[in-house]
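Reviewing the structure listed below.
In mature numbering (1 follows the signal peptide of the UniProt record, and there is no 0), the protein residues as written are -22 to -1, 1 to 402.
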């Protein structure tokens, strides 16, 4: 039996929010905390919603549900994986991918101490020394001088039968060294292989946190050895991967050039075999002695792409910004509380959603905002009705409407999920 979503809305005040908890069977279990609702399309063009749940024993569950009618109704949820080690933080949003051959793949962070096995262990590739664009060479330290070991992995699991059964999750990285790997993104390449980019601890570093940018890519469905693609990056900002309309793989990440922490990009025209030199997408010149824990989001925009991120620059319009792949800044949301943007492609446009503290709210109540971005126009901000305390929103466009899914913060930390639609 299907769980009915009442997804009838128009813009601004006429947007209707799907009830949560008892009125929505997908999110009705009051003993669980719900997080990270993410919308996507499968290889049939159907809307898919996936999210995590945590029970009172701290076990985290990753579920998905499919809509066959443009978001009006969604199927009963199907379990992908469950374990206390499954990551479900804001910077560890799982990724559900759909290959052309019908295979589904889920990629997620996994904390040390979990039950899933590592991939066949092989010697770790040696990190080459290198630099680009004012980067210094990575710091090298004696093995005895490293920081205390922490560990997190990036795991993946595959389904060949529409998500009914899944393989045992294993690591995308064959390096057995106990290091932090995270802040990842994953994408299906034009050749139907999967690429995963992530930040990884620099071995034997004596710094509080020092990570480099790595990528692994499947060959015939099997992940190959990791590649080091940038040795010096901002340490804790999530990555965004995008295959554009020309089939080019774009990697967007926060760079670190002498504490200037602007968004950089690298591109590959051969499915990740080789990469361009890194270049700063837009010179915000944000100088910060520490990581802001805030990365980029991206979407295809005609023959170009759009990228959104937060910058606290003191000299170049602080706030959430949206910039084209060619480096043209379209607008800045200069409200200092605007954060957690999410971009998605729409016909002849893109849509961005974010969260922002409600005007004159002394309690810091957030709302979910939305703008439609067309080649010659950017709409005014619209607020999803009844989205108070919304956070970690995602969006999908289907049938000239934006489906918006987001967490609703609760005082007892038992967040729930709401879903709305906005007519474009």
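Beta carbons: idealized from backbone N, C-alpha and C, even for Gly.
Beta-bridge partners of residue 385, as assigned by DSSP: If you number the chain shown from 1, residue 385 lands on position 407. Paired residues: 369 and 395.
Taking Cβ to Cβ, would you say residue 204 is nearer than 7 Å to residue 194? In the chain shown, residue 204 corresponds to position 226, counting from 1. In the chain shown, residue 194 corresponds to position 216, counting from 1. In contact: residue 204 and residue 194 (Cβ atoms closer than 7 Å).
Note down the Cα distance separating residue 294 from residue 220, rounded to an integer number of angstroms. Stepping through the chain shown from its first residue, residue 294 is reached at position 316. Stepping through the chain shown from its first residue, residue 220 is reached at position 242. For residue 294 and residue 220, the distance between alpha carbons rounds to 26 Å.
What's the gap between the Cα of residue 251 and the Cα of residue 196? Counting from one through the chain shown, the residue named residue 251 turns up at place 273. Counting from one through the chain shown, the residue named residue 196 turns up at place 218. For residue 251 and residue 196, the distance between alpha carbons rounds to 11 Å.
Excluding the 5 residues preceding and the 5 following residue 311 in the sequence, name in chain order all residues of the same chain whose CB lies nearer than 6 Å to its CB. Taking the first residue of the chain shown as position 1, residue 311 is located at position 333. Cβ neighbours of residue 311 beyond the five flanking positions: 297 and 298.
Per-residue DSSP class, three states only, for residue 133: The residue you call residue 133 lines up with position 155 of the chain shown. Here DSSP, grouped into helix, strand and coil, assigns residue 133 to strand.
Tell me whether the beta-carbon of residue 24 lies closer than 7 Å to the beta-carbon of residue 46. Position 46 of the chain shown, counting from 1, holds the residue named residue 24. Position 68 of the chain shown, counting from 1, holds the residue named residue 46. Yes.
To the nearest whole angstrom, what separates the beta carbons of residue 227 and residue 241, a pair I think is in contact under 8 Å? As a first step, residue 227 must be located in the chain shown, where it is residue number 249. As a first step, residue 241 must be located in the chain shown, where it is residue number 263. That pair is no contact at about 16 Å.
Return helix, strand or coil for residue 146, following the three-state DSSP convention. Counted from its first residue, the chain shown places residue 146 at position 168. In this structure, residue 146 counts as coil in the three-state DSSP scheme.
Local conformation of residue 15 per DSSP, three classes: Indexing the chain shown from 1 puts residue 15 at position 37. Of the three classes helix, strand and coil, the one that applies to residue 15 here is strand, per DSSP.
Given that a residue counts as buried once 16 or more other Cβ atoms are within 10 Å of its Cβ, and exposed if not, what is residue 85? Numbered from 1 along the chain shown, position 107 holds the residue referred to as residue 85. Buried.
Under 7 Å between C-beta atoms of residue 28 and residue 60: Along the chain shown, read from residue 1 onward, the residue named residue 28 stands at position 50. Along the chain shown, read from residue 1 onward, the residue named residue 60 stands at position 82. In this structure, residue 60 does not lie closer than 7 Å to residue 28 by Cβ.
Got a sec? Which residues, its chain only, sit under 7 Å from residue 237 by beta carbon, not counting five neighbours each side? Stepping through the chain shown from its first residue, residue 237 is reached at position 259. Excluding residues within five positions, the ones whose Cβ falls inside 7 Å are 265, 266 and 267.
Just to confirm, are residue 37 and residue 83 a CB contact at a threshold of 7 Å? For the purposes of this step, residue 37 is identified with residue 59 of the chain shown, where counting begins at 1. For the purposes of this step, residue 83 is identified with residue 105 of the chain shown, where counting begins at 1. In terms of Cβ geometry, residue 37 and residue 83 do not form a close pair [threshold 7 Å].
Checking 7 Å against the spacing of the C-beta atoms, do residue 74 and residue 18 come in under that value? Along the chain shown, read from residue 1 onward, the residue named residue 74 stands at position 96. Along the chain shown, read from residue 1 onward, the residue named residue 18 stands at position 40. Contact: yes.
Alpha carbon to alpha carbon, how far is residue 341 from residue 62? The sequence position of residue 341 within the chain shown is 363, counting from 1. The sequence position of residue 62 within the chain shown is 84, counting from 1. Their backbone Cα atoms lie some 32 Å apart in a straight line.
Only counting runs of 3 or more residues, tell me where the beta strand (DSSP E) segments fall wholly within the region 278 to 314, in order along the chain. 282 to 289, 297 to 302 and 307 to 311
Which first and last residues belong to the beta strand (DSSP E) in which residue 88 is found? Translated into positions along the chain shown, residue 88 becomes position 110. Here the beta strand (DSSP E) through residue 88 covers 82 to 89.
For residue 200, does the count of other Cβ atoms within 10 angstroms reach 16, so buried, or fall short, so exposed? As a working mapping, residue 200 is identified with position 222 in the chain shown. Exposed.
Do residue 41 and residue 64 have their C-beta atoms closer together than 7 Å? The residue you call residue 41 lines up with position 63 of the chain shown. The residue you call residue 64 lines up with position 86 of the chain shown. Against a cut-off of 7 Å, the Cβ pair of residue 64 and residue 41 comes out as no contact.
If we ignore side chains and look at the alpha-carbon of each, how far apart do residue 5 and residue 256 end up? Stepping through the chain shown from its first residue, residue 5 is reached at position 27. Stepping through the chain shown from its first residue, residue 256 is reached at position 278. Roughly 42 Å between the two C-alpha positions.
Please list the terminal residues of the continuous beta strand (DSSP E) segment that includes residue 175. Looking up residue 175 in the chain shown gives position 197. Unbroken beta strand (DSSP E) run through residue 175: 172 to 179.
Helix or strand or just coil, what does DSSP make of residue 167? As a working mapping, residue 167 is identified with position 189 in the chain shown. Note: residue 167 maps to coil in three-state DSSP.
C-alpha distance - residue 169 paired with residue 292, whole-angstrom precision: If you number the chain shown from 1, residue 169 lands on position 191. If you number the chain shown from 1, residue 292 lands on position 314. Going from the Cα of residue 169 to the Cα of residue 292 covers about 43 Å.
Per-residue burial, residue 396 [other beta carbons within 10 Å of its own, 16 or more giving buried]: By 1-based counting over the chain shown, the position of residue 396 is 418. With 16 or more Cβ atoms within 10 Å of its Cβ, residue 396 is classed as buried.
Sequence-distant residues of its chain with Cβ nearer than 6 Å to residue 366 (five each side left out): Translated into the one-based positions of the chain shown, residue 366 becomes position 388. Contacts found: 343.
Specify, as a first and last residue, the run of the beta strand (DSSP E) that residue 29 falls within. As a position in the chain shown, residue 29 is number 51, starting the count at 1. Per DSSP, residue 29 belongs to the beta strand (DSSP E) from 25 to 32.
Beta-carbon gap between residue 223 and residue 304 smaller than 7 Å: Residue 223 sits at position 245 when you count from the first residue of the chain shown. Residue 304 sits at position 326 when you count from the first residue of the chain shown. Not closer than 7 Å, so no.
With residue 328 as the anchor, note down where its beta strand (DSSP E) starts and where it stops. Residue 328 sits at position 350 when you count from the first residue of the chain shown. Segment 327 to 335, the beta strand (DSSP E) holding residue 328.
Just verifying my parser: in three-state terms, what is the DSSP assignment at residue 247? As a first step, residue 247 is located in the chain shown; it is residue number 269 there, counting from the start. Looking at residue 247 - three-state DSSP - the assignment turns out to be coil, as it is neither helix nor strand.
C-alpha distance - residue 372 paired with residue 362, whole-angstrom precision: Position 394 of the chain shown, counting from 1, holds the residue named residue 372. Position 384 of the chain shown, counting from 1, holds the residue named residue 362. Those two C-alpha atoms are separated by around 12 Å.
Buried or exposed for residue 55, going by 16 or more other Cβ atoms inside 10 Å? Here residue 55 refers to the residue found at position 77 of the chain shown. Burial call: buried.
Taking a contact to mean a Cβ-Cβ separation below 7 Å, would you say residue 159 touches residue 183 in this structure? Translated into the one-based positions of the chain shown, residue 159 becomes position 181. Translated into the one-based positions of the chain shown, residue 183 becomes position 205. Cβ atoms of residue 159 and residue 183: not closer than 7 Å.
Only counting the same chain, and skipping five residues up and downstream in sequence, which positions put a Cβ closer than 7 Å to that of residue 143? Position 165 of the chain shown, counted from the start, is the residue given in the question as residue 143. Spatial neighbours of residue 143 in its own chain (CB-CB distance under 7 Å, excluding positions within 5 residues in sequence) are listed in chain order as 137.
Less than 7 Å between the beta carbons of residue 13 and residue 392, yes or no? If you number the chain shown from 1, residue 13 lands on position 35. If you number the chain shown from 1, residue 392 lands on position 414. Against a cut-off of 7 Å, the Cβ pair of residue 392 and residue 13 comes out as no contact.
Which residues share a DSSP beta bridge with residue 76? Reading the chain shown from its first residue, position 98 is the one you call residue 76. DSSP, once it has assigned bridges, lists 82 as partnering residue 76.
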